[in-house]
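Protein chains in written order, with this note's numbering: chain A, 1 to 94; chain B, 1 to 94; chain C, 1 to 94; chain D, 1 to 94. A virtual CB, placed ideally from N, CA and C, is assigned to each residue, including glycine. If you're wondering where the values come from, they're calculated on a predicted model, not measured in any experiment. Remarks on the structure that follows.
Protein chains: 4
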Amino acid sequence: MNDRPGYAPTKEQMRNRLSRIEGQVRGVARMVEEERYCIDVLAQISAIQAALDKVAIGLVSDHTRECVIGAEGVQRAERTEELIEAIDRLVARR
Amino acid sequence: MNDRPGYAPTKEQMRNRLSRIEGQVRGVARMVEEERYCIDVLAQISAIQAALDKVAIGLVSDHTRECVIGAEGVQRAERTEELIEAIDRLVARR
Amino acid sequence: MNDRPGYAPTKEQMRNRLSRIEGQVRGVARMVEEERYCIDVLAQISAIQAALDKVAIGLVSDHTRECVIGAEGVQRAERTEELIEAIDRLVARR
Amino acid sequence: MNDRPGYAPTKEQMRNRLSRIEGQVRGVARMVEEERYCIDVLAQISAIQAALDKVAIGLVSDHTRECVIGAEGVQRAERTEELIEAIDRLVARR
């Protein structure tokens, strides 16, 4: 039975997503090598970005539930700040 | 004295940021009206997007500290899910 | 009759979009004033950002068709570089 | 001598960037396997996304200069539309 909340992937799901992303990046390298049409390569890159966003959101969900809510006092405050900084970088992609 | 964490704006700061953004949007409308150079209008829109990201991150920070950590049990779980959904929309801008 | 390509808005459409966005920003300011639920404010901000993206894409379309393709030689090369820089800022939101 | 405009990478640079990104994705998979701290994994994902944005901008630059400007008439109009759609997907990450 799986009672995990919607956004929280299992480790198995994370592993599969990342191995699929790795294959997609290799696919883009191959497309560039074969001088494929830029627009098709761009569509592939957008798909990878969306897949990475999904992995990132899964990690944000895990961190919030396990590291922030599971902590107390000063440690919880610190981890909340770290989380907000990470979301900030994610939104601005830097 | 201000002991609020770095990402958490005061209500006064939020008010000022939003009124500045409103002025920037009006500025873009004026630039379009005057048929100003597209690239200058685009730079202005990017600045507004970055300012809106900052407002959003402030709200995420508030929500995490007040609504998620401040809640208990089922309510906390629900609010965490709502937060993750909001971050997901923010990252993907939809 | 309207034979403009899909992404190229008329000036009237741009004007309407920007005035709607201005109203939405005022709405967010009011929501913050009334201490409305953060998640609802965040949904509103995501909607504004999606609307601004649409305005930006319209300008990119205009610039490409009018300023880049319509130019020649060195000027065209310069405008292409400006366009790519603007897209770079747009993607990275800075 | 390299007289390519600033945003246009050589094929060699593209190849290197993509092979570095592939290594970074493998690194993230390893971090998840080793249950590394979420925040560190998120920082790594943001770095990959910024690197992919750079590759995408390079392709947009190539496409604009070679496929759009280099074409004529109906074909040029079609390729411009394809380019704007690709930028739209890139900005909205879908």
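Span of the alpha helix (DSSP H) around residue i
i, result
"residue 76 of chain D", "73-92"
"residue 43 of chain B", "38-62"
"residue 26 of chain C", "11-33"
With 16 other Cβ atoms within 10 Å as the buried cut-off, status of residue i
i, result
"residue 40 of chain A", "exposed"
"residue 25 of chain C", "buried"
"residue 46 of chain C", "buried"
"residue 75 of chain D", "exposed"
"residue 89 of chain A", "buried"
"residue 65 of chain A", "buried"
"residue 22 of chain D", "buried"
"residue 2 of chain D", "The pLDDT assigned to residue 2 of chain D is 43, lower than 50, so where the model puts this residue is not dependable; a value taken from the coordinates is nonetheless given after this. Residue 2 of chain D is exposed by the Cβ-count criterion."
Whole-angstrom distance between residue j and residue i, CA atom to CA atom
i, j, result
"residue 37 of chain B", "residue 80 of chain B", "44 Å"
"residue 82 of chain C", "residue 56 of chain D", "16 Å"
"residue 72 of chain C", "residue 35 of chain B", "21 Å"
"residue 67 of chain B", "residue 52 of chain C", "29 Å"
"residue 14 of chain A", "residue 48 of chain A", "14 Å"
"residue 93 of chain D", "residue 33 of chain C", "32 Å"
"residue 19 of chain D", "residue 30 of chain A", "11 Å"
"residue 44 of chain A", "residue 87 of chain D", "13 Å"
"residue 54 of chain D", "residue 70 of chain A", "37 Å"
"residue 16 of chain A", "residue 50 of chain C", "30 Å"
"residue 91 of chain D", "residue 85 of chain D", "10 Å"
"residue 11 of chain B", "residue 77 of chain A", "20 Å"
"residue 28 of chain D", "residue 27 of chain B", "43 Å"
"residue 42 of chain B", "residue 42 of chain A", "21 Å"
Proximity test, Cβ basis, 7 Å: residue i and chain E
i, result
"residue 91 of chain D", "Reference to chain E is not applicable here, since the protein chains of this structure are A, B, C and D."
Residue i Cβ short of 6 Å to the ligand GTP heavy atom set
i, result
"residue 66 of chain D", "For the ligand GTP, the structure offers nothing, since it holds no ligand at all."
Evaluate the contact criterion for the stretch 5-18 of chain B versus the stretch 58-68 of chain B: three or more CB pairs, one atom per stretch, below 8 Å.
Short answer: they touch.
Given a limit of 8 Å on CB to CB distance, which residues of the stretch 38-71 of chain A reach chain B?
Shown in chain order are the members of the stretch 38-71 of chain A whose Cβ falls below 8 Å from a Cβ of chain B: 50, 53, 56, 57, 60, 61, 64, 65, 68 and 69.
Quick one, which residues of the stretch 11-27 of chain D are near chain C if we go by CB-CB under 9 Å, in chain order?
Answer set for the stretch 11-27 of chain D: empty.
What are the residues in the stretch 74-87 of chain B lying within 8 Å of chain A by C-beta distance?
Result list: 76, 77, 80, 81, 83, 84, 85 and 87.
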